[in-house]
Amino acid sequence: MSASTPALFEEAADRFAVFKYDVFVLLEHLTKKMQRRRWDAREIRASWTKWAADVRAGRRPALLNMYLHVPFCTRRCTYCMHFSRALRSENELESYLGFLLDQARFFAPTLDAVAVSNMMVGGGTPSLLSTAQLGRLFDTLNSSFRFDEDGERSFEANPASLNEEKLVALRAGGINRLSLGVQSMNADVLGGVGRGGQESERVRALVRAARAVGFSRGVNVDLILGLVGEDADGFLDSFAAAAEAEPDTIFVSALRPIPAYVRRHYNGDGAAAAAHMERAAQAAESCVESARRLGYRVVGTPGQEWVFSKDSLGPVLGREDKKYLAEQTSVPFSLLGLGWNAHSRVRGERTYFQRDPFAGSFDPAARTYEGAWIDERDEMLKSLFAALRNDAPLLWGDFLAWFGRDARDEFGPALEALSARGFLRMETDVLRPTSKDARSILLCALELAGRPAVESMHETLFAGTAADSAATPERPTENLELNVGLACNNRCLFCMSGDARAPERRWLPAEAAREELRRFRDLGCTSVGFLGGEPTAYPHIVEAVGWAKELGYRRVALCTNGMKLSDETFVDALLGAGATRFTISLHSRLPEVEDALTGVPGNFARKLKGLKTLLARKAAGRLPDNVSLNPVLNRRTYLDMTDYIEFFRDLGVDDIRFNYIWPQARVTGDKSMIPSYREAMPKIARAVLLNERHWKMTISFGGVPPCMLRWTGLNMSARAAAHFAERYFDESGVDLSTRVSANGDRFDWRERKRDRMKTHAPACFACLWYERCDGVWKTYGDMWGLDEMVPVEAA
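Each residue of the sequence shown is one higher than the one before, counting from 92 in this note's numbering.
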């Protein structure tokens, strides 16, 4: 990279500012150059075994924290930026608890010689657990792990799902700090962000009851500054109402608006959201003054967070050696995370989290953990980054005690450069950050990380379209979708790539294709799908399939219109090169309909011949995976759906994914091609029922929100509807890929669809499926409106 080092850092800081990433997200991207890996629980346990042995031998400090994640809520608040989803049934919660306890029992024997310093149970909404379930949880934890008596054991709760009986169970289980997610004392404000069922008097009663039960580390109330519908004066009223109950601490955090929140409440206008936040922030100074009048004092102000404490808690919170669980602290520690998406850190060795969706049971052999290798330098950076973010002084002596090295020796040139530029002060005993704004803090962090790490981050993070936060493999992927060019030998009416004659329909250069395959294989990808246009028309397709095979991709798929597969020699060349799966876009069983939709006379006959060739190769054991169909469901085909399925089932097809037509290009606004969901759902439901009873095939429907089941005309129970939605319409596990276009853009296709091309109705934010449903195409909403979308409630 030819840019000077300062220019390189300036560019990286600007791009992170565009993405609204903070310094700890930067740390994740710098950690081992994003070389993410997949592990199973046995491999993870081996790291903990090594760590525990080092602790016993005195080679590692014994600071171990624990975090348990309960990801369920009754509904998701519109502002929520944490990993959670709406609970579907009590059975799901019971099943998850069993999974969590099995996971705890699996790791506990490895750590029996080490006391857990601090523990937090968070979510989601952990207080959804019943009293009996809480008892089982803490019985297992207390019998499996040792806990430091002086440490903090904290539990997050929603007042709407907490009662006095649960308070007693929490205290009996060893919890010594209770944190109530109140967020606002204004019921109208809470209702506006999807958080109902919380009355202010109930909150005050719970705080008093909790204090009576006796949580030695205190009872905390969380409030959010900047919620839509609550201005500065409204927030101050809310703060005063919360303080009336006299919780031991009040934790105030400024809202960090996520894209979905901005879309929902500000019609996507980020400037309007920022303006409201700026006005609400005027409450901060007045809040400090009000808190003091109410008997609270400020004990910490990291970033956009304020902690107010009652003097009565001083003997605990005021201690210099206070123990607590906080991820973004300079003190290095190891963290054992239990539960779906809980993050963990084996100090100096690896950081990881459980990525895959909760599947109902804990399987130690499943490679469901994702993470990266780290070392002590990464830990040092984390400590320095935390000092920068929290605007907190860092004692040189503390750093030396933690790492056995002087920070000035390890990072001397960078520290001196930052000091000369006024970003920090290097005093005799302490390092004092002076940068307050996010961009300056990022620049400091980049300087400390060093040019080689930042250059590598540029290669992995900023290649492609910098203006699109989804246009990076930010979340490591196991599947690459490589678009080799938009040229095509069909002229489909509903082509997703637009006008077939457009000049951008060029091919991806062969060397570029090979480099992308190599790059994503190095990142851990094991699956690649070749897309177009039409990938079989790509001049280098056989070679590209061979490159993928040579690089070690286990799944090599082609998504094709099937026209060239009528050539058996060509099919055999692809199979010989390493192709393992084919998906054919064959839209109708009727030749005249297929040919009209694709714009090529005789197309049906060619496609059918190719399909039969592939099925024959599969029967002979030459196609390792499968051949599936990928028809576009439109007005000319949906009435014939069941006959279509039976026709191809009789040929040997067992996998069909229907995709509801996207109103774009030549069919934008064309109701002669695009039926409403209300029209199509009875036919879709008939196909689903026939498959349940007779066909037993793999059938799914893309682009059909689960809420459309209400238009089937069937009188089905909520449980039956949930089953059909899970099996046939859930797209949360589909398109979780990084897609590379022919012009080099890298992006997450599902995120791009959701953020740019699809929309939700206002009612959707109360839906059980909201986080897993992309909504409908914006152009569909322009045609048919959004009234068909009605929230799905838990079974």
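Each residue gets a CB set at the ideal place from its N, CA and C atoms; glycine is no exception.
- Query: Would you say the stretch 256-274 touches the stretch 232-248, given that touching needs at least three Cβ pairs under 8 angstroms?
  - Reply: yes
- Message: Taking a contact to mean a Cβ-Cβ separation below 8 angstroms, would you say Ala498 touches Trp487 in this structure?
- Response: Yes; because the gap between Cβ atoms is below 8 angstroms, this pair is in contact.
- Smallest Cα separation from Gly495: which of Asp313, Cys858, Met471? Met471
- Could I get the ranges of all uninterrupted beta strand (DSSP E) runs contained in the stretch 196-226, with 3 residues as the minimum, in chain order? 209-214
- Going by alpha carbons, who is nearest to Met276 out of Gln194, Thr459, Glu321? Glu321
- Below 8 angstroms between beta carbons: does that hold for Val718 and Tyr751? no
- Query: Which of helix, strand or coil does DSSP assign to Ser452?
  - Reply: Three-state DSSP puts Ser452 in coil, outside helix and strand.
- Message: Strictly by DSSP, which residues pair up with Gln755?
- Response: Looking at the DSSP assignment, Gln755 forms no beta bridge with any residue, so it has no partner.
- Val758, buried or exposed, once every other Cβ within 10 Å from all chains shown has been counted against 16: buried
- Message: Using only the alpha-carbon positions, how far apart do Lys774 and Arg612 sit?
- Response: 42 angstroms
- Just how far apart, CA to CA, sit Ser218 and Asn249? 6 angstroms
- For Ser307, which beta-bridge partners are listed by DSSP? In DSSP, Ser307 forms no bridge with anything.
- Report, in whole angstroms, the separation of the C-beta atoms of Val918 and Leu271, which I expect to be a contact under 8 angstroms. No information on residue 918 is available, as it lies outside the stretch 92 to 886 that the chain covers here.
- Message: Please state the DSSP three-state secondary structure of Ser822.
- Response: First, the residue type needs correcting, since residue 822 is Glu and not Ser in the sequence shown. Of the three classes helix, strand and coil, the one that applies to Glu822 here is coil, per DSSP.
- Message: Give me the DSSP bridge partner(s) of Val521.
- Response: Beta-bridge pairing links Val521 to Leu486.
- With distances taken between CB atoms, is the gap from Ser791 to Tyr768 smaller than 8 angstroms? no
- Message: So, with DSSP's three-state summary, where would you put Lys762?
- Response: coil
- Ser425 (DSSP reduced to helix, strand or coil): strand
- Classification of Ala223 by the beta-carbon crowding that lies within 10 angstroms, buried from 16 upward: exposed
- Rounded Cβ spacing between Gly623 and Gly576 (contact assumed at less than 8 angstroms): The distance from the Cβ of Gly623 to that of Gly576 is about 6 angstroms, consistent with a contact at the 8 angstroms cut-off.
- Task: With distances taken Cα to Cα, identify the nearest neighbour of Phe892 among Lys762, Phe514, Ala771, Glu507.
- Result: Outside the displayed span of the chain (92 to 886) sits residue 892, for which this structure offers no information.
- Can you give the beta carbon distance from Tyr352 to Asp131, rounded, assuming they're within the 8 angstroms contact cut? Tyr352 to Asp131, Cβ: 36 angstroms. No contact.
- So, helix, strand or coil for Cys735, using DSSP? Here residue 735 turns out to be Tyr, not Cys, going by the sequence shown. Helix, per DSSP.
- So what does DSSP say about Leu159, is it helix, strand or coil? strand
- Examine the ligand NAD and report whether any of its heavy atoms sits within less than 7 angstroms of the Cβ of Gly667. This structure does not include the ligand NAD; it has no bound ligands of any sort.
- Query: Based on Cα-Cα distance, which residue from Cys616, Trp638, Arg597 lies nearest to Arg605?
  - Reply: Trp638
- Item | Contacting residues, own chain, Cβ-Cβ under 7 angstroms from Ala143 (five flanking each side not counted) | Thr201, Leu202, Ala204, Val205
- Item | Other residues of its chain near Arg384: CB distance less than 6 angstroms, five sequence neighbours each side excluded | Correct list: empty, nothing qualifies.
- Task: Answer yes if the stretch 277-289 comes into contact with the stretch 333-343, meaning at least three C-beta pairs across the two stretches below 8 angstroms, and no otherwise.
- Result: no
- Between the C-alpha atoms of Leu220 and Val273, what's the straight-line distance to the nearest angstrom? 18 angstroms
- How about Thr674 and Lys655: do their beta carbons lie closer than 8 angstroms? no
- Message: For Gly701, count the other beta carbons within 10 Å of its own beta carbon; 16 or more makes it buried, fewer makes it exposed. Which is it?
- Response: buried
- Query: What's the C-alpha gap between Leu781 and Leu730?
  - Reply: 15 angstroms
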